[in-house]
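Colleague: Please read through the structure below; I'll follow up with questions.
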Amino acid sequence: MGITWSQEFMLFPTLRGYRREWLGRDLLAGVTFGAVTMPGQLATAHLAGMPPITGLYGFLVATIIGAAISTNRHLALGVDSTVAPILAAGLASLGMVAETPQYTGLAMITAFLVGLFTLTIGVGRLGWVGDFLSRPVMIGFFGGIAVIIIVHQLPGILGVPEGTGRTLARIGQVFGQIREANTPTLILGLTSLTLLLGIAKISRRIPGALIVLVLSTLSMLVFHLSDDGVAILGPLERGLPSIHLPPFSLAAVESVLTTALVVAIFCLAQTAATTRSAANLGGFDTDINADFRALGLANVMSSLVGSFTVNASPPSTTIIAESRARSQLASLVASALVVVVLFFSQLIENLPMATLSAVLIYIAIKIFRVDQMRATLQYSKRAFALMLAALLGTVVLGIVYGVLFAVVISFIYQASRTARPELLQLGRSERGTWLPLSDRRATPVPGIAAFALNGPLWFGNANWFRIHLIDALPDEDDEESEDQPDLLVLDARRIDDVDFTGFEALCDVAEVAELRGVPFLVVVQKGRTERAFQGGGFSELLGRSRFFDTIPLAIAAFPNVAANRQPHQEDTLESETSDHPPAEA
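In this note's numbering, the protein residues as written are 15 to 599.
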């Protein structure tokens, strides 16, 4: 029985069947989530070049929409420190000045477009789109963003003017300004960062950022640090945000379209990874398409209240999970806390900017996942090199070009893996099982050149494949010898796809084998590959009598070959343990 429209698009799905005994956990999770996350939302807005209060606006609508639509009981949405630099870099490339009406308007349009993209993915049930960036590339890209955030926030810690240019140029500018640092600002910033790191060591559930913000604001009032040149947040709007359309125009939409696409790609990738991880660790099911719909609508609403792009937050999701929340009521509780703060925003107007910079540097340190980088290195040096290339590319080229670079190398990495898949030459063991010759139990069989391709046969590897198989055939001018094969056998059961170029390569091998008098046999099972052989005409070209279910059946069909003239043990269907799966099992 199919899922009905009402089941697919139900509101507040995690609150269905709610139990009273869940209330305590959800309230605690919501208070913890709000207290820990809100300071970071203010800092992230500053990082994005937006008025700090817009971070709370975005967080408010994201938590409400997330609770209303998401099927993941732990998923946390809000403005995100990994997306904010992408937005800021994209708008800066258009010559926009941060926190101006023009800048804010384009940020709103970007969020609206990101919302439309992700909403379309969710409604169209295209959740697989979120898997197009490899994990090593994501780790490297976020590591690069972390470096950029730290470099950009160091002037805030030092109390010196913000630098200009690319990251490497800014590093030189920071070193040149160290002697001009404002001492009270530097002490306050370093103390804030030290407290944030120390509290995080004790427990991630303690609202360290909130504690630091309160203490630093009190220190501003008690010690009159403004008189010593310590910059503060300044006046903020009070009350709930008003709803209004972004300043749409065709020129404005065209100018931010590329930035919106790039931001949408990373929002989809991060949300997919976050929601799946939360569901796996929490032991519950989630509908990734519903979570994409929540993300999309949250971005549309964020733009309508004057904020910017929202995204799934892995750290905040972890906080909710560790608080053992049972539903999205935790997000609604956090949104209620935001409402209270918005009506009493005068309490945070004396917040020192050095503390906001410290919060952002602390967030960047968390984004720079040394543990995942180490795990990548342990798994594969090639994957680590890919991760390092994404990191350095982002730092050197900047975020906008770094994103494009990360996407390109992600596809190049995958293409390189499938361009040279395993092409195994097979031999036979004493028990009759066909194994790769790299397995010490396998020995070459006189008169048989048997191969197995593990992967797709496509234009990226077709010529390489053609050369390897034709090289196994005797040349026309070669004298006869025992090493020359009487049969060429291809085990195609692990070929999962064949494109037209791959099909032509197979035809070339068949024609050359025919010219050199060597029967070409193919082992294949029912599925996509067999259908490709039939649909493309390869079955007719080779002859249907040349297709078999197993290697022993293929060889047995040609009793005059050397392999069948020599005594050997009966072929078995029993599989043997090997580093490579046996070709015949």
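Just so it is clear, CB atoms sit at the ideal spot from N, CA and C, and this is done for glycine as well.
From a predicted model like this one, the values you see are computed outputs, not experimental measurements.
Using only the alpha-carbon positions, how far apart do threonine 231 and valine 355 sit?
Modeller: Counting from 1 along the sequence shown, the entry for residue 231 is found at position 217. Counting from 1 along the sequence shown, the entry for residue 355 is found at position 341. For threonine 231 and valine 355, the distance between alpha carbons rounds to 15 Å.
Colleague: Rounded to a whole number of angstroms, what is the C-alpha to C-alpha distance between isoleucine 413 and leucine 406?
Modeller: Walking along the sequence shown from the start, residue 413 turns up at place 399. Walking along the sequence shown from the start, residue 406 turns up at place 392. Take the alpha-carbon of isoleucine 413 and the one of leucine 406: they are about 11 Å apart.
Colleague: Between Asn468, Gly461, Ala266, which lies nearest to leucine 120 when the distance is taken from Cα to Cα?
Modeller: What you label residue 120 is simply residue 106 of the sequence shown in a count that begins at 1. Leucine 120 has its Cα closest to that of Ala266, out of Asn468, Gly461, Ala266.
Colleague: Leaving out five residues on either side along the sequence, give the residues of the same chain with a beta carbon under 6 Å from the beta carbon of proline 261.
Modeller: As a first step, residue 261 is located in the sequence shown; it is residue number 247 there, counting from the start. If we look at proline 261 and ignore the five residues flanking it on each side, its Cβ neighbours are Gly119.
Colleague: Is tryptophan 478 helix, strand or coil by DSSP?
Modeller: Here residue 478 refers to the residue found at position 464 when the sequence shown is read from its first residue. It is helical.
Colleague: Could you check how far apart the C-beta atoms of proline 99 and leucine 61 are, in whole angstroms? I think they sit under 8 Å.
Modeller: As a working note, residue 99 is residue 85 in the sequence shown. As a working note, residue 61 is residue 47 in the sequence shown. Confirmed, Cβ separation roughly 6 Å.
Colleague: Going by the beta-carbon positions, is the gap between valine 532 and leucine 504 smaller than 8 Å?
Modeller: The residue you call residue 532 lines up with position 518 of the sequence shown. The residue you call residue 504 lines up with position 490 of the sequence shown. Not in contact: valine 532 and leucine 504 (Cβ atoms no closer than 8 Å).
Colleague: Work out the CA separation of leucine 309 and asparagine 86 for me, nearest whole Å.
Modeller: Translated into the one-based positions of the sequence shown, residue 86 becomes position 72. Translated into the one-based positions of the sequence shown, residue 309 becomes position 295. Taking the straight line from one Cα to the other gives about 12 Å.
Colleague: Which class does tryptophan 142 belong to by DSSP, given the choice of helix, strand or coil?
Modeller: The residue given as residue 142 occupies position 128 in the sequence shown. Note: tryptophan 142 maps to helix in three-state DSSP.
Colleague: Kindly confirm or deny that the stretch 520-539 and the stretch 480-487 touch, where touching means at least three C-beta pairs closer than 8 Å.
Modeller: The stretch 480-487 and the stretch 520-539 touch, with three or more beta-carbon pairs separated by less than 8 Å.
Colleague: Buried or exposed: which applies to glycine 31, given that a residue is buried once 16 or more other Cβ atoms fall within 10 Å of its Cβ?
Modeller: Position 17 of the sequence shown, counting from 1, holds the residue named residue 31. That one is exposed.
Colleague: Evaluate contact between the stretch 331-347 and the stretch 35-51, counting only Cβ atoms and requiring at least three cross-stretch pairs below 8 Å.
Modeller: Note that the stretch 331-347 touches the stretch 35-51; at least 3 beta-carbon pairs, one per stretch, sit closer than 8 Å.
Colleague: Here's a check: name, in chain order, each residue in its chain whose Cβ is nearer than 7 Å to the Cβ of leucine 311, leaving out the five neighbours to either side.
Modeller: Taking the sequence shown and counting its residues from 1, the one referred to as residue 311 is at position 297. Contacts found: Ile79, Ile83, Gly129, Leu133.
Colleague: Counting along the chain, where does the beta strand (DSSP E) carrying arginine 442 start and finish?
Modeller: The count along the sequence shown starts at 1 and reaches residue 442 at position 428. Per DSSP, arginine 442 belongs to the beta strand (DSSP E) from 436-442.
Colleague: Quick test of your reading: alanine 283 and methionine 152, contact by CB under 8 Å. State the CB separation rounded to the nearest angstrom.
Modeller: Position 269 of the sequence shown, counted from the start, is the residue given in the question as residue 283. Position 138 of the sequence shown, counted from the start, is the residue given in the question as residue 152. About 6 Å separates the two Cβ atoms, so the contact holds.
Colleague: When the Cα atoms are used, what is the spatial distance from valine 244 to asparagine 364?
Modeller: Here residue 244 corresponds to residue number 230 of the sequence shown, with the count starting at 1. Here residue 364 corresponds to residue number 350 of the sequence shown, with the count starting at 1. So the two alpha carbons sit approximately 10 Å from each other.
Colleague: Between which residues of its own chain and glycine 469 is the CB-CB distance below 6 Å, once the five residues before and five after are set aside?
Modeller: Sequence index remark: in the sequence shown, residue 469 carries index 455 (1-based). Cβ neighbours of glycine 469 beyond the five flanking positions: Thr432, Pro435.
Colleague: For the beta strand (DSSP E) that contains glycine 92, what are its first and last residues?
Modeller: Residue 92 sits at position 78 when you count from the first residue of the sequence shown. Looking at the DSSP string, the run of the beta strand (DSSP E) that includes glycine 92 is 91-93.
Colleague: From what residue to what residue does the beta strand (DSSP E) around isoleucine 333 run?
Modeller: For the purposes of this step, residue 333 is identified with residue 319 of the sequence shown, where counting begins at 1. Here isoleucine 333 belongs to no beta strand (DSSP E); instead the alpha helix (DSSP H) covers 328-336.
Colleague: Hey, quick one: how far does the alpha helix (DSSP H) through asparagine 294 stretch, first residue to last?
Modeller: Within the sequence shown, numbered from 1, the residue matching residue 294 stands at position 280. Looking at the DSSP string, the run of the alpha helix (DSSP H) that includes asparagine 294 is 264-296.
Colleague: For a quick check, are the C-beta atoms of leucine 471 and phenylalanine 465 less than 8 Å apart?
Modeller: For this step, residue 471 is matched to residue 457 along the sequence shown. For this step, residue 465 is matched to residue 451 along the sequence shown. No, the pair does not count as a contact, with Cβ atoms beyond the cut-off.
Colleague: Using 8 Å as the threshold, is the C-beta distance between leucine 127 and leucine 264 below it?
Modeller: Within the sequence shown, residue 127 is the residue found at index 113, counting from 1. Within the sequence shown, residue 264 is the residue found at index 250, counting from 1. No, they are not a contact pair.
Colleague: In chain order, what residues of the same chain lie with their CB nearer than 8 Å to the CB of arginine 101, ignoring the 5 residues before and after it?
Modeller: On the sequence shown, residue 101 is found 87 positions in, with the first residue counted as 1. It is leucine, not arginine, that sits at residue 101 in the sequence shown. Cβ within range, chain order: Ala62, Gly63, Ala121, Thr124, Thr273, Val277, Phe322, Thr323.
Colleague: Evaluate contact between the stretch 171-187 and the stretch 196-214, counting only Cβ atoms and requiring at least three cross-stretch pairs below 8 Å.
Modeller: yes
Colleague: In angstroms with no decimal places, state the Cα-to-Cα distance between isoleucine 216 and leucine 449.
Modeller: Numbered from its first residue, the sequence shown carries residue 216 at position 202. Numbered from its first residue, the sequence shown carries residue 449 at position 435. Put simply, the backbone Cα of isoleucine 216 is about 54 Å away from that of leucine 449.
Colleague: Taking all protein chains shown into account, decide if leucine 361 is buried (16 or more other Cβ within 10 angstroms of its Cβ) or exposed.
Modeller: Residue numbering aside, residue 361 sits at position 347 when the sequence shown is read from its first letter. Exposed is the call here.
Colleague: Mark proline 499 as exposed unless 16 or more other C-beta atoms lie within 10 angstroms of its C-beta, in which case mark it buried.
Modeller: Start at 1 with the first residue of the sequence shown, and residue 499 comes out as number 485. It counts as buried.
Colleague: Roughly how many whole angstroms lie between the Cα atoms of glycine 190 and leucine 202?
Modeller: The residue given as residue 190 occupies position 176 in the sequence shown. The residue given as residue 202 occupies position 188 in the sequence shown. Taking the straight line from one Cα to the other gives about 21 Å.
Colleague: Determine which residues share a DSSP beta bridge with proline 366 and list them.
Modeller: The residue given as residue 366 occupies position 352 in the sequence shown. DSSP lists Ile246 as partners of proline 366.
Colleague: Helix, strand or coil: which one does DSSP assign to valine 45?
Modeller: Translated into the one-based positions of the sequence shown, residue 45 becomes position 31. Residue state, collapsed to three classes: helix.
Colleague: Relative to the C-alpha of aspartate 301, which candidate in Thr515, His88, Leu229 has its C-alpha closest?
Modeller: By 1-based counting over the sequence shown, the position of residue 301 is 287. Closest by alpha carbon: His88.
Colleague: Got a sec, what are the start and stop residues for the alpha helix (DSSP H) proline 470 sits in?
Modeller: Along the sequence shown, one-based indexing puts residue 470 at 456. Run containing proline 470: none; DSSP gives neither H nor E here.
Colleague: Under 8 Å, do alanine 600 and threonine 285 count as touching if we go by C-beta distance?
Modeller: Since the first residue of the chain shown is 15 and the last is 599, residue 600 is not available in this structure.
Colleague: Going by beta carbon distance, what residues of the same chain come within less than 7 Å of isoleucine 164, once the five residues before and after it are set aside?
Modeller: Stepping through the sequence shown from its first residue, residue 164 is reached at position 150. Cβ neighbours of isoleucine 164 beyond the five flanking positions: Ile375, Ala378.
Colleague: Nearest-angstrom Cα distance between aspartate 511 and aspartate 563?
Modeller: Translated into the one-based positions of the sequence shown, residue 511 becomes position 497. Translated into the one-based positions of the sequence shown, residue 563 becomes position 549. C-alpha separation (whole angstroms): 18 Å.
Colleague: I believe leucine 346 touches alanine 81 by the beta-carbon criterion, under 8 Å. Please report the beta-carbon distance rounded to the nearest angstrom.
Modeller: As a working note, residue 346 is residue 332 in the sequence shown. As a working note, residue 81 is residue 67 in the sequence shown. About 5 Å separates the two Cβ atoms, so the contact holds.
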